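I have placed the structure first, in the form of structure tokens, so that the comments after it can refer back to it.
Have a look at this one:
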């Protein structure tokens, strides 16, 4: 059975892409597990873990008027809104990478 260089190259590329897609999928699953490993309603202790900061810093953070909190339950925070707040208020990526620029898209 004769195989051309082009066919071999195509087959190797396909195998590499499959491996890359598998790794990306597995990483996505791990990221989702970490992200949603917290309960839907967070406590300050959850925020300490999530942000990897000390409790006094969490107290300052949750005192901000724009930080998401449950209205009728004191010291409880909706997980999905907290994650959205993190995305909306994170400046490191935009300040330190070109991720949001047209060149990166």
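In this note's numbering, the protein residues as written are 436 to 540.
Positions of the beta carbon are idealized from the N, C-alpha and C atoms, including for glycine.
Computed from a prediction, not measured in an experiment: that's the story for all the values here.
Residue span of the alpha helix (DSSP H) that contains residue i, given as start and end
i: residue 486; result: 479 to 486
i: residue 522; result: 514 to 524
i: residue 494; result: 490 to 497
Per DSSP, the bridge partner or partners of residue i
i: residue 460; result: Answer by DSSP bridge pairing: none, since residue 460 is not bridged.
Proximity below 8 Å, CB of residue i to CB of residue j
i: residue 497; j: residue 504; result: yes
i: residue 519; j: residue 479; result: no
Buried versus exposed call for residue i [16 or more other C-beta atoms within 10 Å across all chains shown]
i: residue 464; result: exposed
i: residue 540; result: For residue 540, the pLDDT reaches just 48, beneath the cut-off of 50, and the residue's location in the model is therefore unreliable, although a value from the coordinates is still provided. Counting Cβ neighbours within 10 Å, residue 540 comes out exposed, since fewer than 16 surround it.
i: residue 482; result: buried
Quiz item: With a cut-off of 8 Å, do at least 3 Cβ pairs link the segment 514 to 531 to the segment 471 to 484?
Solution: yes
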